[in-house]
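Visitor: Position 138 (the sequence shown) corresponds to 144 in this note's numbering; numbering is contiguous. By construction, the Cβ of each residue, glycine as well, lies at the ideal position given by its N, Cα and C atoms. I have a structure I would like to understand better, so I am pasting it below and will then ask my questions one at a time.
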Amino acid sequence: MPDSRTHRGMAPGDREWFGVEARPALAAAVADLSWLLSRGYAEPSALKLVGDRHRLVERQRIAVLRCAGADEAVADRRGRRIEPEALRGRPIRIDGFNLILTLESALGGAVVLGGRDGCYRDLASVHGTYRRVEETRPALEAAARALGRWGIGPCAWLLDAPVSNSGRLAAMVREAAPGWTAEVVPDPDPLLRLPGPAVATADSGILGRCGDWLNLARLIVDAEIPGAFVVDLG
């Protein structure tokens, strides 16, 4: 069925699955999964073991996986993370869909997850098609305010060409702030891993292999969206 959503909001069941009463079990599950991953257990079997033990529904298991991390990987990411002050007047490469979906989710009242590495991540998924929602333009405006305030730039957004409507989002990005560029590429991940300007992403696959990186989604949410439904399991 076509996606008819106009908001990047909360899914049915999220208030129960991520409410105050559910969080101790979720935090314990993140700790358990991280312990197993730190000792070399395979991710799928470790997640099943932890999810079954804590009786988690599928959406909670996805959240736990996005928040967990092996000790060595988390320490490595934290060691390469830089603060906005270090990027004043310097260029940055932005993992476009990774950032915009988290900001849209925060603005729409959806769950925003805090992971062990300090990143904020969403539970949204584009499934090959990106649909603009009412939070899209406010999300870009929030990013423009924050990056402008910190003096970071020029900013180059990279968007996935296989995702439908990526070209339309690229046009919105270019309109959002003077000097921003947006490029639609077959796969941004290899480009974000290359040596060069710092990267803004919360994608664990990129964070494990890139150079300096900025925790941009969290910085913007904390500065610009104080009412976000943040579930910090880190």
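(1) Is Ala152 near Glu230, with beta carbons less than 7 Å apart?
(2) Apply the 10 Å Cβ neighbour rule to His60 and answer buried if 16 or more other Cβ atoms are within range, or exposed otherwise.
(3) Please report how far the alpha carbon of Ala130 lies from the alpha carbon of Ala112, in whole angstroms.
(4) From which residue to which residue does the beta strand (DSSP E) around Ala183 run?
(5) Check each candidate in Lys54, Ala48, Leu175 and name the one with the smallest Cα separation from Tyr136.
(6) When burial is assigned at 16 or more other CB atoms within 10 Å of the CB, is Glu91 buried or exposed?
(7) Going by CA-CA distance only, name the one from Arg127, Met178, Tyr126 that's closest to Ala150.
(8) Less than 7 Å separating the beta-carbons of Arg14 and Val139?
(9) Going by DSSP, what residue range makes up the beta strand (DSSP E) through Phe103?
(10) Leaving out the 5 sequence neighbours to the left and right, which residues in its chain are closer than 8 Å to Leu180 when beta-carbon positions are compared?
(11) Look at the alpha carbon of Asp166 and the alpha carbon of Pro194, and state the distance between them as a whole number of angstroms.
(12) Is Leu239 closer than 7 Å to Val26 when the C-beta atoms are compared?
(13) Is it buried or exposed, Asp171, if we count other Cβ atoms within 10 angstroms and call 16 or more buried?
(14) Given a threshold of 16 other Cβ atoms within 10 Å of its Cβ, counted over all protein chains shown, does Val56 qualify as buried or as exposed?
(15) From Ala28, Val169, Ala183, Trp163, pick the residue whose C-alpha is nearest to that of Asp101; which is it?
(16) Where DSSP assigns a beta bridge to Glu189, which residues make up the other side?
(17) Put Ser131 into one of helix, strand or coil per three-state DSSP.
(18) So, for Ser44: in the same chain, excluding its five sequence neighbours on each side, which residues have a beta-carbon less than 6 Å away from its beta-carbon?
(19) Spatial neighbours of Asp20 within its chain, please: CB distance less than 6 Å, with the 5 preceding and 5 following residues excluded, ordered by chain position.
(20) So, helix, strand or coil for Gly211, using DSSP?
(21) Just to confirm, are Gly157 and Arg94 a CB contact at a threshold of 7 Å?
(22) Does Leu3 pass the burial test, meaning 16 or more other C-beta atoms within 10 Å, or should it be called exposed?
Guide: Let's see:
(1) For the purposes of this step, residue 152 is identified with residue 146 of the sequence shown, where counting begins at 1. For the purposes of this step, residue 230 is identified with residue 224 of the sequence shown, where counting begins at 1. When the beta-carbon positions are compared, Ala152 and Glu230 come within less than 7 Å of each other.
(2) Position 54 of the sequence shown, counting from 1, holds the residue named residue 60. The residue in question, His60, is buried, as its Cβ has 16 or more Cβ neighbours within 10 Å.
(3) The count along the sequence shown starts at 1 and reaches residue 130 at position 124. The count along the sequence shown starts at 1 and reaches residue 112 at position 106. Rounded to the nearest angstrom, the two C-alpha atoms are 11 Å apart.
(4) As a position in the sequence shown, residue 183 is number 177, starting the count at 1. Element bounds for Ala183: n/a, residue is neither H nor E.
(5) Numbered from its first residue, the sequence shown carries residue 136 at position 130. Closest option to Tyr136, Cα to Cα, is Leu175.
(6) In the sequence shown, the residue the question calls residue 91 occupies position 85. Here Glu91 is exposed: its Cβ has fewer than 16 other Cβ atoms, across all protein chains shown, within 10 Å.
(7) Here residue 150 refers to the residue found at position 144 of the sequence shown. Distance from the Cα of Ala150 is smallest, within the candidate group Arg127, Met178, Tyr126, for Met178.
(8) Taking the first residue of the sequence shown as 1, we reach residue 14 at position 8. Taking the first residue of the sequence shown as 1, we reach residue 139 at position 133. For the pair Arg14 and Val139, the CB atoms are nearer than the 7 Å cut-off.
(9) Along the sequence shown, one-based indexing puts residue 103 at 97. First-last for Phe103: 102–114, but that is the alpha helix (DSSP H), not the beta strand (DSSP E).
(10) If you number the sequence shown from 1, residue 180 lands on position 174. The question names Leu, yet the displayed sequence has Arg at residue 180. So the list reads Trp186, Thr187, Ala188, once near-sequence residues are dropped.
(11) Against the sequence shown, residue 166 aligns to sequence position 160. Against the sequence shown, residue 194 aligns to sequence position 188. Cα-Cα distance, rounded: 6 Å.
(12) On the sequence shown, position 20 is the one that residue 26 refers to. On the sequence shown, position 233 is the one that residue 239 refers to. Not a contact, by the Cβ cut-off of 7 Å.
(13) By 1-based counting over the sequence shown, the position of residue 171 is 165. One detail in the question is off: residue 171 reads as Asn in this sequence, not Asp. Flag for Asn171 reads exposed.
(14) Mapped onto the sequence shown, residue 56 falls at position 50. Burial of Val56 is indicated by the presence of at least 16 other C-beta atoms within 10 angstroms of its C-beta.
(15) On the sequence shown, residue 101 is found 95 positions in, with the first residue counted as 1. Looking at the Cα atoms, Trp163 is the closest of the given residues.
(16) As a working note, residue 189 is residue 183 in the sequence shown. According to DSSP, residue pairing for Glu189 in a beta bridge involves Leu164.
(17) For the purposes of this step, residue 131 is identified with residue 125 of the sequence shown, where counting begins at 1. DSSP places Ser131 in the coil class of the three-state scheme, outside both helix and strand.
(18) Taking the first residue of the sequence shown as position 1, residue 44 is located at position 38. Ala76, Asp77.
(19) As a position in the sequence shown, residue 20 is number 14, starting the count at 1. Cβ neighbours of Asp20 beyond the five flanking positions: Val117.
(20) To locate residue 211, count along the sequence shown from 1; it is residue 205. Three-state result, Gly211: helix.
(21) Here the question's residue 157 lines up with position 151 in the sequence shown. Here the question's residue 94 lines up with position 88 in the sequence shown. A distance below 7 Å separates the beta carbons of Gly157 and Arg94.
(22) The question about residue 3 has no answer here: the residues shown for the chain are numbered 7 through 240.
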